[in-house]
Amino acid sequence: MSSPPPARRGFYRQEVTRTAWEVRAVYQDLQPVGSGAYGAVCSAVDSRTGAKVAIKKLYRPFQSELYAKRAYRELRLLKHMRHENVIGLLDVFTPDETLDDFTDFYLVMPFMGTDLGKLMKHEKLSEDRIQFLVYQMLKGLKYIHAAGIIHRDLKPSNLAVNEDCELKILDFGLARQADSEMTGYVVTRWYRAPEVILNWTRYTQTGEKLPRDAEPPWRQPPGPHPPASNSSWEVRGRLLPGKAAELGWEPVDIWSAGCIMAEMITGKTLFKGSDHLDQLKEIMKVTGTPPAEFVQRLQSADAKNYMKGLPELEKKDFASILTNASPLAVNLLEKMLVLDAERRVTAAEALTHPYFESLQDTEDEPTAQKYDESFDDMDHTLDEWKRVTYKEVLSFKPPRQLGTKVSKETAL
Numbered sequence: 001m002s003s004p005p006p007a008r009r010g011f012y013r014q015e016v017t018r019t020a021w022e023v024r025a026v027y028q029d030l031q032p033v034g035s036g037a038y039g040a041v042c043s044a045v046d047s048r049t050g051a052k053v054a055i056k057k058l059y060r061p062f063q064s065e066l067y068a069k070r071a072y073r074e075l076r077l078l079k080h081m082r083h084e085n086v087i088g089l090l091d092v093f094t095p096d097e098t099l100d101d102f103t104d105f106y107l108v109m110p111f112m113g114t115d116l117g118k119l120m121k122h123e124k125l126s127e128d129r130i131q132f133l134v135y136q137m138l139k140g141l142k143y144i145h146a147a148g149i150i151h152r153d154l155k156p157s158n159l160a161v162n163e164d165c166e167l168k169i170l171d172f173g174l175a176r177q178a179d180s181e182m183t184g185y186v187v188t189r190w191y192r193a194p195e196v197i198l199n200w201t202r203y204t205q206t207g208e209k210l211p212r213d214a215e216p217p218w219r220q221p222p223g224p225h226p227p228a229s230n231s232s233w234e235v236r237g238r239l240l241p242g243k244a245a246e247l248g249w250e251p252v253d254i255w256s257a258g259c260i261m262a263e264m265i266t267g268k269t270l271f272k273g274s275d276h277l278d279q280l281k282e283i284m285k286v287t288g289t290p291p292a293e294f295v296q297r298l299q300s301a302d303a304k305n306y307m308k309g310l311p312e313l314e315k316k317d318f319a320s321i322l323t324n325a326s327p328l329a330v331n332l333l334e335k336m337l338v339l340d341a342e343r344r345v346t347a348a349e350a351l352t353h354p355y356f357e358s359l360q361d362t363e364d365e366p367t368a369q370k371y372d373e374s375f376d377d378m379d380h381t382l383d384e385w386k387r388v389t390y391k392e393v394l395s396f397k398p399p400r401q402l403g404t405k406v407s408k409e410t411a412l
């Protein structure tokens, strides 16, 4: 058996958890951090700055057209993100010297050290820290919403935090991998907006996928729905570019952010349903059952009938649930956790709330350029996906500002 060719000049090889990595020589001390269905992450030290970084290697990104499209989507979305509160790329590279040899690429991102979920398990957060973390979360949401992107799976484990209490939104759930995500979601259920659950009420019971052009349940027009589509814009998807924002799905992220803020204050999950219908019941124990006008706007007969069958519940006083929270924090949450998504505050509006008066800096709240989602509808061959991905890798320009920022970010 012949030995593999030597590593490319400026690169070195190392086996990490039985997987061969070939990375740029500037990234030293590879240490496994975690792995998932589609890739693995190692920490490393950038020898040029001494900064700790996270390097992600995708598993066999070109094994099929579906995997290749997923890899391309992740690369383009991460390249688009240029905000201190949203994870973005510091570097992307391939050890393969030609397009013909191109089989792997690596994504280099800031290493943050921990996430909000782990942080909350280990300590009670002070009001000042909660205020600062929520402010950063909303700044990140304002940015991605301006880009036409909806996260749709915001939860504490998707909020990375470093030792300086700096926060970045991450894990946009780009994989959209399995049908089970429509019915088998467990942890993220607790942060799901009611309008998302109401859509699931219909689509999971019938086994349909959410049509590509489906509108939120409060805006969906009467009449026959478009046929189910296998396109990337489906309810299974977590990060939804372009079309989702046009149709008004941004409030789902605000709901999740409100649930997370309440959990920071109380130390407990606010709505802890055992399944998606029980989740709705838990929500309405706090928000109260909606008026008939809201129910009438629902276009799903299943959702409408379910809502009509619920006992009438009064809205609870948020201050009684959020003990020890300041009146301003309670007031903000009452605007974020509104059952009717059309009346829910936006990220940009929330940032102007008096709760953040000591932090507000409009010059420090940039918005993104619109994200071009046209590739979502492309049907490429595997060779074409490799070609466009290779081009994206080679065209990457490191962000100087983010590069400076990350030098301060160390593991907890």
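Counting with UniProt numbering, you get residues 1 to 412 for the letters of the sequence shown.
Idealized CB from N, CA, C, for every residue including glycine.
Model, not experiment: these values are computed from the prediction.
Pairing I283 with P32, the inter-Cα distance amounts to about 39 Å.
Taken in chain order, no unbroken stretch of beta strand (DSSP E) lies wholly in the stretch 288 to 321 with a span of 3 residues or more.
For D361, the closest C-alpha among the options K139, S326, T269 is that of K139.
Of the residues assessed, M109 falls on the buried side of the cut-off, its CB having 16 or more other CB atoms within 10 angstroms.
S47 places its beta carbon less than 8 Å from that of V26. Of the candidates V92, G88, K52, A68, V92 places its Cα closest to the Cα of S395.
As DSSP reads the structure, F11 sits in a beta bridge with R24. When the five nearest sequence neighbours on each side are left out, the beta carbons in the same chain lying within less than 8 Å of the beta carbon of V23 are those of F11, Y12, Q14, L30, A44, I55, F93, P95, Y106, in order along the chain. Spanning the alpha carbons of R18 and E123 requires a straight line of approximately 35 Å.
Check the Cα spacing between E163 and each of D100, L66, E97, L116: the tightest is with L116.
Under the 8 Å Cβ criterion, the stretch 53 to 67 does not count as touching the stretch 364 to 371, having fewer than three qualifying pairs.
Between the stretch 250 to 270 and the stretch 343 to 356 there are three or more C-beta pairs closer than 8 Å, enough to call the two in contact. Taking 8 Å as the cut-off, the beta carbon of F375 is found closer than this to the beta carbon of Y72.
Shortest Cα-Cα distance from K79 to any of I144, Q131, A37 involves I144. Within the same chain, and ignoring the five residues on either side of L125 in sequence, the residues whose Cβ sits closer than 6 Å to its Cβ are M264. Around the beta-carbon of S300, 16 or more other beta-carbon atoms lie within 10 Å, marking it buried. Around the CB of Q131, 16 or more other CB atoms lie within 10 Å, so the residue is classed as buried. If only complete runs of 4 or more residues are kept, the stretch 89 to 177 shows the alpha helix (DSSP H) at 116 to 122, 127 to 146, in order along the chain.
With 16 or more other CB atoms across the displayed protein chains lying within 10 angstroms of its CB, T389 is buried. Annotation for R189: G273, H276, Q279 place their beta carbon closer than 7 Å to its own, counting only its chain and skipping 5 residues before and after. In the displayed model, T19 falls within a strand according to three-state DSSP. Distance from the CA atom of P291 to the CA atom of V86, rounded to whole angstroms, is 37 Å. In this structure, the alpha-carbon of T323 lies about 51 Å from that of A20.
From the listed residues I197, A160, A147, N331, the smallest Cα separation to Q136 is found for A160. Here Q31 carries a strand assignment [DSSP, helix/strand/coil]. At the C-beta level, V196 and F111 stay beyond 8 Å of one another. R8 is a Cβ neighbour of E97, given a cutoff of 8 Å. Under DSSP, C42 forms a beta bridge with P32, I55. By alpha-carbon distance to L198, the top candidate from K281, I321, S326, E74 is K281. In this structure, DSSP gives V86 an extended state, which the three-state scheme calls strand. Excluding the 5 residues flanking it on each side, K316 has same chain C-beta neighbours closer than 6 Å at V286, in chain order. In this structure, L133 is the residue among D153, G148, I150, L133 with its C-alpha nearest to the C-alpha of E166. Nearest C-alpha to L170 among L99, T266, L77: L77. Its Cα nearest to that of A147, the residue H83 stands out among A329, V295, H83, S358. Taking 8 Å as the cut-off, the Cβ atoms of L313 and M307 do not count as close.
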